[in-house]
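Student: Numbering (the working numbering), first residue to last: 61 to 628.
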Amino acid sequence: MTTRKPYRWIQTPPPPEDVVKHLAEELTLSPSLVSVLVNRGIDTFEKAKKYFRPTIDQLHDPFLMDGMHLAVDRLLTARNNKQKILVYGDYDVDGTNGAGMLYLYFKEIGCDVAYYIPDRLTEGYGISQTGVEYAKKEGVKLLIAIDCGITALAQVEYANQLGVDVIICDHHEPADELPNAIAILDALKPNCRYPFKSLCGTGVGYKFIQAVARTLGHEEKIEKFVDYVALATTADIVPLVDENRVFVRMGLERLNASPRPGIRALLEGAGLKLGSATTGQIVFALAPRINAVGRLGDAKRAVELLISDDYENSIRFARVLEQENLNRRKIDENVFEDAKSLIEAYFEKYGDGAIVMHNEQWHPGVVGIVASRIVEKYYRPAVMLTTVDGVAKGSARSISGVNIHSALKQVEDKLLQFGGHKYAAGVSVDIDRIDEFRTAFNAAVKEMLTEDLLTPEIHIDAELDLVDLTPKFFRVLKQFAPFGPQNMRPTFLTKGVQVIGLPRIVGKDHLRFKIKKNGITFDCIGFGLGYLLETVKSKLTNLDLVFSIDESDFSGMTVTQLKIKDLK
61 MTTRKPYRWI
71 QTPPPPEDVV
81 KHLAEELTLS
91 PSLVSVLVNR
101 GIDTFEKAKK
111 YFRPTIDQLH
121 DPFLMDGMHL
131 AVDRLLTARN
141 NKQKILVYGD
151 YDVDGTNGAG
161 MLYLYFKEIG
171 CDVAYYIPDR
181 LTEGYGISQT
191 GVEYAKKEGV
201 KLLIAIDCGI
211 TALAQVEYAN
221 QLGVDVIICD
231 HHEPADELPN
241 AIAILDALKP
251 NCRYPFKSLC
261 GTGVGYKFIQ
271 AVARTLGHEE
281 KIEKFVDYVA
291 LATTADIVPL
301 VDENRVFVRM
311 GLERLNASPR
321 PGIRALLEGA
331 GLKLGSATTG
341 QIVFALAPRI
351 NAVGRLGDAK
361 RAVELLISDD
371 YENSIRFARV
381 LEQENLNRRK
391 IDENVFEDAK
401 SLIEAYFEKY
411 GDGAIVMHNE
421 QWHPGVVGIV
431 ASRIVEKYYR
441 PAVMLTTVDG
451 VAKGSARSIS
461 GVNIHSALKQ
471 VEDKLLQFGG
481 HKYAAGVSVD
491 IDRIDEFRTA
501 FNAAVKEMLT
511 EDLLTPEIHI
521 DAELDLVDLT
531 PKFFRVLKQF
541 APFGPQNMRP
551 TFLTKGVQVI
561 GLPRIVGKDH
571 LRFKIKKNGI
581 TFDCIGFGLG
591 YLLETVKSKL
601 TNLDLVFSID
611 ESDFSGMTVT
621 QLKIKDLK
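(1) Can you find the residues in the same chain that come closer than 6 Å, C-beta to C-beta, to P550, ignoring five residues on each side of it along the sequence?
(2) With 16 other CB atoms within 10 Å as the buried threshold, where does I580 fall?
(3) Which residues share a DSSP beta bridge with Y148?
(4) Output the residue ranges of the beta strand (DSSP E) runs that lie fully inside the region 426-501 and measure 3 residues or longer, sorted by chain position.
(5) Mind checking whether L162 and E303 have CB atoms under 7 Å apart?
(6) For A174, which residues from the same chain have a beta carbon less than 6 Å from its beta carbon, with the 5 sequence-adjacent residues on both sides left out?
(7) Within 10 angstroms of its Cβ, does A414 collect 16 or more other Cβ (buried), or is it exposed?
(8) Alpha carbon to alpha carbon, how far is D172 from F166? Give it in angstroms, no decimals.
(9) State the beta-bridge partners of E364 as determined by DSSP.
(10) Cutting at 7 Å between CB atoms, please list the residues of its own chain near V94, excluding the five before and the five after it.
(11) Comparing alpha-carbon positions, which option in M508, P542 and F552 lies nearest L524?
(12) I need the DSSP call for R549, collapsed to helix, strand or coil.
(13) Taking CB distances under 7 Å as the criterion, tell me whether I350 reaches chain D.
(14) Under a Cβ-count criterion, where at least 16 other Cβ atoms within 10 Å of its own Cβ denotes burial, should A317 be classed as buried or exposed?
(15) Which residue comes first and which comes last in the alpha helix (DSSP H) that contains D133?
(16) Which residues in the same chain have their Cβ closer than 6 Å to the Cβ of L513, if we skip the five residues on either side of it in sequence?
(17) Decide if M617 is buried, meaning its Cβ has at least 16 other Cβ atoms within 10 Å, or exposed.
(18) Counting beta carbon pairs with one atom in the region 392-403 and one in the region 366-373, are three or more of them shorter than 8 Å?
(19) With burial defined as no fewer than 16 other Cβ atoms inside 10 Å of the residue's Cβ, what is the status of V619: buried or exposed?
(20) Excluding five sequence neighbours on each side, which residues of the same chain lie with their C-beta closer than 6 Å to the C-beta of Q221?
(21) Taking the C-alpha atoms as reference points, what is the distance between V451 and V487?
(22) Figure out for me which residue from H423, T182 and N419 has the closest Cα to the Cα of N387.
(23) Which of helix, strand or coil does DSSP assign to R113?
(24) Mind listing, in chain order, the continuous alpha helix (DSSP H) runs of no fewer than 4 residues lying wholly within the region 252-292?
(25) What are the boundary residues of the beta strand (DSSP E) that I102 is part of?
(26) Taking buried to mean at least 16 other C-beta atoms within 10 Å of its own C-beta, is E233 buried or exposed?
(27) Assuming A1 and T182 form a contact by the criterion Cβ under 8 Å, report the distance between their Cβ atoms to the nearest whole angstrom.
(28) Which term fits R309, buried or exposed, when burial requires 16 or more other beta carbons within 10 angstroms of its beta carbon?
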C-alpha cells in the first residue's frame with residue numbers, strides 16, 4: 061500500500077420537492093441552492109435569516125454553562141481584592157488567542173493580570189508543575205487556564221496545596237474524574253446543560269468574559285474581542301455552526317474592517333490582501349505562522365503579537381513568526397519524507413491498520429503536522445512519536461468515522477497520558493512499551509474500521525447544469541460563508557462536459573483546463589490533481605466533474621473558477 065484509494069462519490073439525497081419549492085419562493089433563490097440549505101438543516105425562512113445574517117444576539121446565555129456563577133464570583137473577588145491573576149494558555153492558535161483575549165479584558169476591568177504559555181519542549185501540553193510553581197513564585201492567587209486543564213488533576217491539586225485557586229476554561233474531552241478546581245467551564249463536562257458543545261477554548265473564554273461583562277453591565281464592550289474567537293475557532297477546526305458561525309462571521313468582519321496592529325502585520329507578512337481574509341486563509345496562512353513560534357520556541361511571542369497595540373512593534377514580531385514558520389516548514393518536510401521512507405516496511409510488518417511510528421530524532425514541534433500529512437496521504441489513523449526527556453511523546457490524528465480519543469481510551473493502560481478529541485489527541489508512552497501500545501492500538505482501531513471508512517469520500521451537495529451558475533448564484537453562494545466543518549463550501553456535480561483546448565500542469569502539480577456545455581464555458585483548476593492529466597486528455601468529451609466554486613485574483617482581476625475535487 062503506497063497511497064490511498066480513489067474517492068467514493070456520495071451524493072446527498074435531494075430533500076422533499078415541496079419543502080424546496082416553498083422555501084425557494086420565500087427566499088427567491090434557485091432550487092439547487094435551497095436544496096443545499098435544506099440538507100444542512102436550514103429548512104425555514106427564520107432559520108435561513110439567522111444563517112445568512114448571524115448576529116451577536118444569537119449567542120446563548122453564558123450562565124447556562126455549569127460553573128459559570130462560581131467562576132465570575134471568584135474572578136471579581138480577585139479583582140476587588142487586588143489579587144494577582146495568571147492567565148495560563150496553550151502554545152497553539154486557540155491557546156494563544158484565548159490567553160491574549162482574557163489578558164486584555166481582565167486588564168481593562170482593573171485586574172492585576174499576567175499571562176503564561178508553557179514551553180512545548182520542556183513542559184509539554186497543559187498545566188505543568190513548572191507553571192504552577194511559577195504562579196506561586198509570582199504571588200498569583202488565581203490561575204485561569206484557557207484551552208487546557210480538564211485532565212490536570214495532579215497539577216490542580218498541587219496548585220491548591222500552594223494556595224493558588226484554579227478556574228478552567230476548556231473544550232477537550234474530560235476524563236472520568238475532574239480536577240478539584242474552583243470552577244470548570246467545559247460544555248462537554250457531564251451534566252453541563254450548555255446547549256452548544258463544540259466551542260473552541262477561546263470560545264469558552266469568550267463565554268466567561270461575556271458572563272463577567274453582563275454582571276458588570278457592559279456586555280456590548282466585549283464584541284471587539286470576537287476577532288480572537290474567529291481566529292481560534294477557525295484554526296482549531298471545530299464545527300462552524302451555531303455560536304461558532306456567529307463568532308467567525310462577526311470576527312472576520314471586524315478583522316477585515318479594522319484589524320488589530322498585530323493581526324494586520326501578520327496578514328501583510330503572509331502576503332494577504334487586507335480587508336478580504338477568509339477562513340481558508342486563516343487555516344493555511346495565519347494559523348501556521350502563529351503555531352510556528354510555539355512549535356520551535358517560545359509561544360509567548362505569538363501572544364505579544366496578538367495583543368500588541370503598536371504597529372511598528374507588530375511588524376517586528378510578525379517577521380519573527382514568518383521566519384519561524386519558514387524554519388518549521390523545512391523541519392516538517394524532512395520529518396515527513398523520513399516517515400514516508402519507512403511506511404512500506406511498516407505496513408509489511410504491522411499490516412495496514414493504524415500507523416504508529418517513533419523516531420527519537422524527530423522534532424516534537426512538528427510531529428502533529430506530520431501525523432496529519434500521513435493521514436492525508438495514506439488515509440489511516442496515525443500516531444507520530446518522538447523522544448522528550450526519555451519518554452515517547454507525540455500526536456495522534458484520525459480519519460472520518462474513527463474516534464481517535466475513544467481508541468486511545470481503550471488502550472490507556474499502555475499509556476502514560478493522553479488527551480484530546482475524536483480527530484486529534486496528544487499521547488505519552490514509555491519507550492519500552494511503544495510496541496505493546498502499537499499492537500493494542502492497532503487492534504482497537506481495526507475494530508472500528510470498515511472497508512467504506514478506509515476509502516476517502518467526496519460528499520456532493522447537488523447536481524448542477526452550467527446554466528445554473530449565474531451571477532446571482534455566485535452572490536448567494538458567498539453568503540454561505542464562513543466555511544468549515546459541518547458548513548463546508550458546497551460541492552457540486554456536473555455531468556457530460558466537454559474539455560476545450562489542451563489541459564496542462566501549472567505550479568507544483570495542479571491541473572488546469574477549460575470546459576464547455578450548452579454553450580457555457582468555465583475555467584477549472586484541480587490543486588494537486590496533476591496525476592489526472594492523462595485521464596483528461598484521453599476523455600475530452602462526456603467528463604463528469606465534482607467541484608466547488610471559488611474566486612481567485614489574477615493580475616488584479618477577480619476570476620470565478622471551478623475548483624475540481626475529482627473527475628470521472
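Quick reminder that beta carbons are idealized off the backbone N, C-alpha and C, glycines included.
Keep in mind that this is a model prediction, so the values were computed, not measured.
Tutor: Considering the structure as presented:
(1) V96 and D521
(2) exposed
(3) Y176 and A205
(4) 442-448, 451-457, 477-480 and 484-490
(5) no
(6) L146
(7) buried
(8) 8 Å
(9) BP columns for E364 are empty, so no partner.
(10) V80, L83, A84 and L87
(11) F552
(12) coil
(13) Protein chains in the displayed structure number just one, and chain D is not present.
(14) exposed
(15) M128 to N140
(16) G461
(17) exposed
(18) no
(19) exposed
(20) none
(21) 10 Å
(22) H423
(23) coil
(24) 261-276
(25) Run containing I102: none; DSSP gives neither H nor E here.
(26) buried
(27) Since the first residue shown for the chain is 61 and the last is 628, residue 1 is missing from the structure and cannot be characterised.
(28) buried
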